[in-house]
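K.L.:
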Amino acid sequence: MENAILAVTAARLGIFLGACAVVGLCVFLVCYSLTKRLKVTEVFADVKGTERTEGYARIGLISDLHFPMFEAGRERVVAALEKADVDAVMVAGDLCQNGRGVEQMLEFMRFLAAELRGKTVLVVTGNHDAHHVCGEKEEEIAEYCAKIEACGNNVHVLRNEVERVPVEGLGFDLVVCGFDDMTVSNAETQNELFERAAAETGENGRLVLLMHNPDIMANIKEAVEKSAVKSLTLAGHTHGGQIYMPFNLEFRLLRNDELPKKGYVYGLYDYCANNVLYITCGLGQSFLPIRLGTVPEVAVVNF
Ligand SMILES: [Fe+2]
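In our numbering, the protein residues as written are 19 to 321.
Put into structure tokens, the structure is as follows:
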């Protein structure tokens, strides 16, 4: 009798565990399928108090490709940028997940540079590039960036550098200030760079602050607010909360990033006086090859 009860309990437990496994597998497959989707988001980034009489530059923003955990499809991503007729492409870091992804990433960058020849492609490093791939070693980061730049004459990696990009048909240039990742930079360098870029912007420039981790904005906020120059910040890093958790729990409990903890996770924000901030949810995945509540994105930011 006792054996029969045990056998029934074991059978029920087996059915329950089997059902859990099937449900878990289905949830995983649905979440995995989201990594293969691609959305194109178009936004108008107007800094308060700015009049756009000369029109907008169209910036194609991609970020967090995380090769080899990239499922969005390189042809689809590049076709989306071409179709959007962007004036320039900006890549906000985390091109690779780890050393294994480097060759695939370079192949993607060569393809992007060739298909968008004539357009400038500007790149900054993210924590995965500087820390996970290059171990924060300056020599390795320099070599990694040189490989990216070798993907095309139009590809430039901005390592705490400023580059002027003329916008065809409009009477202004984009002045792009590219920040090295926070893991290999500090607030003093970031403030000096911002001041230099603001000074170089001049009357016919529009200042774009390109960075991986939006937390750099917390370091330069005071300088941005005091500046006479209005700016657009383009960032990634958050993946838009790659796996949705309610109440912003991922960033409040599991991560140390300052701005995401305050709710700056995805989209367009009036971050502070003189600045508007766009955080993209990126293209690839880190940690787990799944997404929930967000899909890979190409952002077209009009500025
Ligand atoms: Fe990332």
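Don't be surprised by glycine CBs; every beta carbon is placed ideally from N, CA and C.
Quantities reported herein were computed from a predicted structural model and do not represent experimental measurements.
(1) Could you compute how far the alpha carbon of Ala102 sits from the alpha carbon of Tyr50?
(2) Taking only three categories from DSSP, how would you classify Pro110?
(3) Taking the C-alpha atoms as reference points, what is the distance between Leu83 and Tyr296?
(4) Give me the DSSP bridge partner(s) of Pro278.
(5) Tell me the DSSP bridge mates of Ile261?
(6) For Tyr162, which of helix, strand or coil comes out of DSSP?
(7) What is the DSSP secondary structure of Gly78, counted as helix, strand or coil?
(8) Measuring from the CB of His255, is there a heavy atom of ligand 1 at a distance below 7 Å?
(9) Output the boundary residues of the alpha helix (DSSP H) element that contains Ala63.
(10) Just tell me which of Gly170, Lys165, Ala148 has its CA closest to the CA of Arg128.
(11) For Glu243 versus Cys290, is the C-beta distance shorter than 8 Å?
(12) Count the other C-beta atoms from every protein chain shown that fall within 10 angstroms of the C-beta of Ile33, then say buried if there are 16 or more, exposed otherwise.
(13) In terms of DSSP beta bridges, what is Leu99 paired with?
(14) Specify the secondary structure class of Arg182 as computed by DSSP and reduced to three states.
(15) Cβ of Glu213 within 8 Å of Cβ of Val180?
(16) So the alpha helix (DSSP H) Cys152 belongs to, where does it begin and stop?
(17) What residue from Ala39, Ala160, Val183 has the CA that sits closest to Gly136's CA?
(18) Where do the N-terminal and C-terminal ends of the alpha helix (DSSP H) with Val45 fall, by residue?
P.N.:
Taking the geometry as given:
(1) Taking the first residue of the sequence shown as 1, we reach residue 102 at position 84. Taking the first residue of the sequence shown as 1, we reach residue 50 at position 32. Going from the Cα of Ala102 to the Cα of Tyr50 covers about 27 Å.
(2) As a working mapping, residue 110 is identified with position 92 in the sequence shown. The question names Pro, yet the displayed sequence has Ala at residue 110. The answer is coil: DSSP assigns Ala110 none of H, G, I, E or B.
(3) Residue 83 sits at position 65 when you count from the first residue of the sequence shown. Residue 296 sits at position 278 when you count from the first residue of the sequence shown. Each residue's alpha carbon lies about 17 Å from the other.
(4) Here residue 278 is taken as the residue at index 260 of the sequence shown, counted from 1. Under DSSP, Pro278 forms no beta bridge with any residue.
(5) As a first step, residue 261 must be located in the sequence shown, where it is residue number 243. Within the DSSP bridge table, the entry for Ile261 names Leu310 as partners.
(6) What you label residue 162 is simply residue 144 of the sequence shown in a count that begins at 1. The answer is helix: DSSP assigns Tyr162 an H, G or I state.
(7) What you label residue 78 is simply residue 60 of the sequence shown in a count that begins at 1. Strand, per DSSP.
(8) Taking the first residue of the sequence shown as 1, we reach residue 255 at position 237. Set against 7 Å, the gap from the CB of His255 to the closest heavy atom of ligand 1 is smaller.
(9) Counted from its first residue, the sequence shown places residue 63 at position 45. Unbroken run through Ala63: none, as it is neither H nor E.
(10) In the sequence shown, residue 128 corresponds to position 110, counting from 1. Nearest of Gly170, Lys165, Ala148 to Arg128, Cα basis: Gly170.
(11) Here residue 243 refers to the residue found at position 225 of the sequence shown. Here residue 290 refers to the residue found at position 272 of the sequence shown. Yes, the pair counts as a contact, with Cβ atoms nearer than the cut-off.
(12) Within the sequence shown, numbered from 1, the residue matching residue 33 stands at position 15. The residue is exposed, with fewer than 16 neighbouring Cβ atoms inside 10 Å.
(13) Along the sequence shown, one-based indexing puts residue 99 at 81. Paired residues: none, contrary to the question.
(14) As a first step, residue 182 must be located in the sequence shown, where it is residue number 164. DSSP places Arg182 in the strand class (E or B) of the three-state scheme.
(15) Counting from 1 along the sequence shown, the entry for residue 213 is found at position 195. Counting from 1 along the sequence shown, the entry for residue 180 is found at position 162. The answer is no: Cβ separation not under 8 Å.
(16) For this step, residue 152 is matched to residue 134 along the sequence shown. Boundaries for Cys152: no alpha helix (DSSP H) harbours it, and the DSSP string shows neither H nor E there.
(17) The sequence position of residue 136 within the sequence shown is 118, counting from 1. Its Cα nearest to that of Gly136, the residue Val183 stands out among Ala39, Ala160, Val183.
(18) If you number the sequence shown from 1, residue 45 lands on position 27. Per DSSP, Val45 belongs to the alpha helix (DSSP H) from 20-52.
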